[in-house]
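Enquirer:
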Amino acid sequence: MTVPRTIRVVAAVLEQDGRYLITQRRATAVLPLMWEFPGGRVEPGETDAQALRREVMHRLGAEIECGKLISFVSHPYEHYVVDLFLYECALLSNSLEARAVNGFKWVLSAEFDQYPFTPADEASMDALLGVT
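Under my numbering, the letters of the sequence shown match residues 12 to 143, in that order.
#1: Taking only the alpha-carbon atoms, compute the straight-line gap between PRO87 and LEU32 and give it to the nearest angstrom.
#2: Between the Cα of ALA22 and those of VAL118, PHE83, VAL92, GLY56, spot the shortest distance and give me the residue it belongs to.
#3: With burial defined as no fewer than 16 other Cβ atoms inside 10 Å of the residue's Cβ, what is the status of GLN27: buried or exposed?
#4: Quick check on HIS86: does DSSP put it in helix, strand or coil?
#5: Please report how far the alpha carbon of ALA73 lies from the alpha carbon of VAL24, in whole angstroms.
#6: Is the separation between the beta-carbon of ARG36 and that of VAL93 shorter than 8 Å?
#7: State the start and end residues of the unbroken beta strand (DSSP E) segment that holds GLU54.
#8: Between the alpha carbons of LEU97 and VAL41, how many angstroms are there, rounded?
#9: CB CYS139 to CB ILE75, shorter than 8 Å?
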């Protein structure tokens, strides 16, 4: 049996006034139209912080500052494993635009269950909210 490849993914937890920024995957993406924290894959030679800054700029046209690691989950999908690192981040830009995402919203943590999240994000949200 072959060992599935592992993809290192980073995501930004951006909070303002008790609301968290979530993004919706494009219809053409893997796990289409599901919701997640903004971020993406770490490329070879990149630090997590560099990848987060690049991905948030690519997806939302926004500058961020990467803070401390909040949680880590490893989630097996059918053909690969996602190692998802969730970082506390600060938004440096005043505006956001849906560039490489279907959309974005600021939601209360109590509203997370109204949005279908990707399985890896679902697991990390539980860690974020202290749910086990």
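Glycine included, each C-beta is placed from N, C-alpha and C at the ideal position.
Expert: In terms of the structure at hand:
#1: In this model, PRO87 and LEU32 are separated by some 25 Å (Cα to Cα).
#2: Nearest to ALA22 by alpha-carbon distance, out of VAL118, PHE83, VAL92, GLY56, is PHE83.
#3: Counting C-beta atoms within 10 angstroms of its own C-beta, GLN27 has fewer than 16 neighbours from the protein chains shown and is therefore classed as exposed.
#4: DSSP, read as helix, strand or coil, puts HIS86 in strand.
#5: If you take the alpha carbons of ALA73 and VAL24, they lie about 14 Å apart.
#6: No, these two residues do not count as a Cβ contact at 8 Å.
#7: In the DSSP annotation of this structure, GLU54 is not part of any beta strand (DSSP E), being labelled neither H nor E.
#8: Taking the straight line from one Cα to the other gives about 20 Å.
#9: Contrary to the premise, residue 139 reads as Leu rather than Cys in this sequence. For LEU139 and ILE75, no; Cβs fall outside 8 Å.
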